[in-house]
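To start, the structure itself, in structure tokens.
Numbering (the working numbering), first residue to last: 1 to 563.
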């Protein structure tokens with residue numbers, strides 16, 4: 001446990017990629033057991049479990065063990081901002097105890113599942129008595145199911161490659177799907193002879209990098225394939241052994257959520273893997289519905305007939321990874337695209353013209369290629385992205401293989417600029433982790449009939465120096481206290497950027513935004529110059545009315561904001 005805690009600290013204390021990879025490689029090269037290695041990999045790659053120990057009970061046990069009043073724990077939690085860290089800090093110094101392995105401690109946590117509260121208390125408090133402060137912090141994170149580390153899965157696999165000699169792409173393949181940590185599982189993972197392809201598993205997704213600078217730096221545009229960047233759910237359709245599975249990029253099986261795709265199992269050739277996007281698309285429409293419509297399909301526990309009718313989906317395919325049980329990922333994209341077109345044309349022909357989808361209502365469609373002879377012409381088409389309900393363009397090198405993970409150079413995403421709003425800072429609360437002592441989580445508001453209405457929350461985008469200045473302002477201009485939240489004198493104005501906007505009955509403003517962040521501090525504006533809900537209404541997307549679309553009428557009607 002001490003060794004794993006040291007690795008956790010090392011990863012969070014350096015921003016250097018080489019340092020993180022070296023620390024991971026050193027850990028796996030010297031880990032005392034394969035069981036420990038398996039569990040370490042499980043947690044480092046973002047997997048977790050939540051075993052039902054109530055956080056309220058953890059607070060009570062810590063207060064009892066530390067012999068402090070509840071109000072002092074509450075104030076400490078408010079200052080620290082992280083429950084795991086607060087628990088570790090308030091507890092008394094540890095007693096002398098023997099060193100136990102990571103896997104032993106994890107098995108103790110597993111045994112808490114379904115145990116009576118008295119037994120849970122005994123196990124947890126016994127652990128707190130023998131673990132030091134740093135080890136308690138990590139153990140608490142594992143216990144609460146919110147363990148996160150400052151390294152991406154790609155970096156973790158690079159470190160494991162340094163220790164095992166198995167290349168990153170093969171490790172990524174073997175880790176897809178459910179992976180139960182055990183000594184045997186880890187040995188198989190790093191074995192040179194291990195079988196990497198199971199019937200239901202997808203391939204690791206190839207991820208594009210954001211383009212930096214001007215695309216003309218990529219060279220001759222004839223060497224690149226341009227497509228729209230769709231705003232849906234990235235997925236792979238895997239058809240092997242007579243069974244079909246739909247996998248998300250997050251390694252979730254989505255087959256049951258999208259029954260419209262079931263008929264493909266009666267048509268796809270054996271041994272087919274398609275990469276593409278699940279999009280909400282009304283029959284006869286020239287562009288998809290917003291991602292907000294698709295979210296209804298994701299969040300609902302049951303799929304009603306009305307929901308399936310109002311938010312039908314299509315699978316827009318843009319790559320073929322396996323053809324008749326042959327892995328073709330190393331073929332150049334231009335060849336894979338030719339085979340994909342041949343496959344889909346056998347299902348139902350699609351009409352394409354300069355990136356426009358044909359009117360066919362097939363559930364399986366081909367992501368169209370955008371025809372542009374030069375970069376400026378492609379840039380002009382990119383400006384139409386928002387009207388087409390896309391996020392911009394994808395640029396893919398024609399001779400590129402299908403790689404694993406985010407590998408720079410072959411696939412780029414050329415996104416359009418975000419939507420922006422000038423809003424007033426009206427509330428804040430302290431951050432967590434390294435920002436626990438600073439007010440860094442902000443609530444921003446806009447004007448509606450002479451009053452400020454909360455519009456969005458954001459916590460990223462400011463420099464460290466700006467964060468300190470905003471924190472000082474908040475402390476000097478606080479108004480009211482609502483738990484950890486402090487209302488603030490409405491003076492500071494910030495430009496807030498976001499990727500999308502939709503109507504929402506759950507928000508006071510009547511709208512919700514996707515991925516809000518702070519673009520800049522508007523020192524040049526006063527609070528009365530911030531935006532209004534009326535001006536924000538113009539940013540709401542234009543969508544097809546579902547009833548008119550199903551009758552064949554394709555005129556677009558704006559969905560106006562309603563106060």
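In this text, a Cβ means the ideal position worked out from N, Cα and C, and glycines have one as well.
Q | Reduced DSSP secondary structure (H/G/I, E/B, other) of residue 561 | A | Residue numbering aside, residue 561 sits at position 561 when the chain shown is read from its first letter. Confidence in residue 561 is poor, its pLDDT being 25 and thus under 50, which makes the residue's placement too unreliable to answer from.
Q) For residue 62 versus residue 49, is the C-beta spacing smaller than 8 Å? A) The sequence position of residue 62 within the chain shown is 62, counting from 1. The sequence position of residue 49 within the chain shown is 49, counting from 1. Against a cut-off of 8 Å, the Cβ pair of residue 49 and residue 62 comes out as no contact.
Q.
If you follow the beta strand (DSSP E) that residue 88 is in, where does it begin and where does it stop?
A. Mapped onto the chain shown, residue 88 falls at position 88. Not the beta strand (DSSP E): residue 88 falls in the alpha helix (DSSP H), residues 83-90.
Q. On the three-state DSSP scale, how would you describe residue 103?
A. The count along the chain shown starts at 1 and reaches residue 103 at position 103. In this structure, residue 103 counts as helix in the three-state DSSP scheme.
**Q.** Proximity to residue 331 [Cα-Cα], best of 399, 393, 232 and 410
**A.** Here residue 331 refers to the residue found at position 331 of the chain shown. When each option's Cα is compared against that of residue 331, the closest is 399.
**Q.** residue 184, DSSP secondary structure in three states
**A.** For the purposes of this step, residue 184 is taken as residue 184 along the chain shown, with counting starting at 1. Residue 184 falls in the helix class under three-state DSSP.
(Q) Which residue marks the beginning of the alpha helix (DSSP H) containing residue 173, and which one marks its end? (A) The count along the chain shown starts at 1 and reaches residue 173 at position 173. Looking at the DSSP string, the run of the alpha helix (DSSP H) that includes residue 173 is 168-175.
Q. Cβ atoms of residue 237 and residue 274: under 8 Å apart, would you say?
A. Your numbering for residue 274 matches position 274 in the chain shown. Your numbering for residue 237 matches position 237 in the chain shown. For residue 274 and residue 237, yes; Cβs fall inside 8 Å.
Q: Look at residue 159 and residue 246 and say whether their C-beta atoms are less than 8 Å apart.
A: One-based indexing of the chain shown puts residue 159 at position 159. One-based indexing of the chain shown puts residue 246 at position 246. No.
(Q) For residue 431 and residue 422, which I take to be in contact (beta-carbon distance under 8 Å), what is that distance rounded to the nearest angstrom? (A) Position 431 of the chain shown holds residue 431. Position 422 of the chain shown holds residue 422. So it is not a contact: roughly 23 Å between Cβ atoms.
Q. If you pair each beta-carbon of the segment 373-391 with each one of the segment 202-222, do three or more pairs fall below 8 Å?
A. yes
Q: Compute the beta-carbon to beta-carbon distance between residue 261 and residue 315, rounded to the nearest angstrom, for a pair I have assumed lies under 8 Å.
A: On the chain shown, residue 261 is found 261 positions in, with the first residue counted as 1. On the chain shown, residue 315 is found 315 positions in, with the first residue counted as 1. Sure, about 6 Å apart at Cβ, within 8 Å.
Q: Using the Cα positions of residue 263 and residue 320, report the straight-line distance between them to the nearest angstrom.
A: As a first step, residue 263 must be located in the chain shown, where it is residue number 263. As a first step, residue 320 must be located in the chain shown, where it is residue number 320. Rounded to whole angstroms, residue 263 to residue 320 spans 19 Å at the Cα level.
(Q) Below 8 Å, how does it come out for the segment 146-157 and the segment 98-118: are there three or more Cβ pairs, yes or no? (A) no
Q.
Mapping the DSSP letters down to three states, classify residue 325 as helix, strand or coil.
A. One-based indexing of the chain shown puts residue 325 at position 325. Note: residue 325 maps to coil in three-state DSSP.
Q: Check each candidate in 38, 87, 78 and 484 and name the one with the smallest Cα separation from residue 59.
A: Within the chain shown, residue 59 is the residue found at index 59, counting from 1. Out of 38, 87, 78 and 484, 87 has the C-alpha closest to the C-alpha of residue 59.
Q) Which residues share a DSSP beta bridge with residue 429? A) Position 429 of the chain shown, counted from the first residue, corresponds to residue 429. Paired residues: 441.
Q | Assumed close pair residue 372, residue 208 - CB separation to whole angstroms, cut-off 8 Å | A | Locating residue 372 in the chain shown gives position 372, counting from the first residue. Locating residue 208 in the chain shown gives position 208, counting from the first residue. Incorrect: roughly 18 Å between the Cβ atoms, too far for contact.
Q: Could you give the DSSP three-state label for residue 480: helix, strand or coil?
A: What you label residue 480 is simply residue 480 of the chain shown in a count that begins at 1. Note: residue 480 maps to strand in three-state DSSP.
Q. What does residue 209 pair with, by DSSP beta-bridge criteria?
A. Position 209 of the chain shown, counted from the first residue, corresponds to residue 209. Bridge partners of residue 209: 412.
Q | Cβ pair residue 477, residue 495 closer than 8 Å | A | Position 477 of the chain shown, counting from 1, holds the residue named residue 477. Position 495 of the chain shown, counting from 1, holds the residue named residue 495. It is not a contact, given that the beta carbons lie outside the stated cut-off.
Q) So is residue 276 buried or exposed if we call it buried at 16+ other beta carbons inside 10 Å? A) If you number the chain shown from 1, residue 276 lands on position 276. Residue 276 comes out buried.
Q. Using the C-alpha atoms, what's the distance from residue 241 back to residue 364?
A. Along the chain shown, one-based indexing puts residue 364 at 364. Along the chain shown, one-based indexing puts residue 241 at 241. For residue 364 and residue 241, the distance between alpha carbons rounds to 20 Å.
Q: With a 10 Å radius around its C-beta and 16 neighbouring C-beta atoms as the bar for buried, classify residue 118 as buried or exposed.
A: Looking up residue 118 in the chain shown gives position 118. The residue in question, residue 118, is exposed, as its Cβ has fewer than 16 Cβ neighbours within 10 Å.
Q: Using beta-carbon positions only, say whether residue 70 and residue 91 come within less than 8 Å of one another.
A: Start at 1 with the first residue of the chain shown, and residue 70 comes out as number 70. Start at 1 with the first residue of the chain shown, and residue 91 comes out as number 91. No; because the gap between Cβ atoms is not below 8 Å, this pair is not in contact.
Q | Buried versus exposed call for residue 133 [16 or more other C-beta atoms within 10 Å across all chains shown] | A | Mapped onto the chain shown, residue 133 falls at position 133. Its Cβ having fewer than 16 others within 10 Å, residue 133 is exposed.
Q: Have a look at 296, 184 and 167 and flag the residue whose alpha-carbon is nearest the alpha-carbon of residue 403.
A: Against the chain shown, residue 403 aligns to sequence position 403. The option with the nearest alpha carbon to residue 403 is 167.
Q) Leaving out the 5 sequence neighbours to the left and right, which residues in its chain are closer than 8 Å to residue 83 when beta-carbon positions are compared? A) Here residue 83 corresponds to residue number 83 of the chain shown, with the count starting at 1. Excluding sequence neighbours, residue 83 sits near 55, 58, 59, 77, 140 and 144.
Q.
So for residue 226, helix, strand or coil by DSSP?
A. In the chain shown, counting from the first residue as 1, residue 226 sits at position 226. Here residue 226 sits in strand by DSSP.
(Q) Measuring only the C-alpha atoms, how far is residue 577 from residue 304? (A) Because residue 577 is not part of the residues shown, which for the chain are 1 to 563, the question remains open.
Q. Where does residue 251 sit, in a helix, a strand or coil, going by DSSP?
A. The residue given as residue 251 occupies position 251 in the chain shown. If DSSP states are grouped into helix, strand and coil, residue 251 belongs with coil.
Q | Continuous alpha helix (DSSP H) stretch holding residue 272: start and end | A | As a working mapping, residue 272 is identified with position 272 in the chain shown. Where residue 272 is concerned, there is no enclosing alpha helix (DSSP H), although the beta strand (DSSP E) it sits in stretches over 272-280.
Q) Do you know whose CA, among 280, 258, 202 and 165, lies nearest residue 174's CA? A) Reading the chain shown from its first residue, position 174 is the one you call residue 174. When only C-alpha atoms are compared, the closest one is 202.
**Q.** Boundaries (first-last residue) of the alpha helix (DSSP H) holding residue 407
**A.** By one-based count along the chain shown, residue 407 stands at place 407. Here residue 407 belongs to no alpha helix (DSSP H), and DSSP marks it neither H nor E.
Q: Could you name each continuous alpha helix (DSSP H) segment of 4 residues or more that falls completely within the segment 97-157, going from the start of the chain to the end?
A: 102-110, 117-130 and 133-144
Q: Less than 8 Å between the CB atoms is what I'm expecting for residue 486 and residue 429, so what's the real figure, rounded?
A: Residue numbering aside, residue 486 sits at position 486 when the chain shown is read from its first letter. Residue numbering aside, residue 429 sits at position 429 when the chain shown is read from its first letter. Right, their Cβ atoms sit about 7 Å apart.
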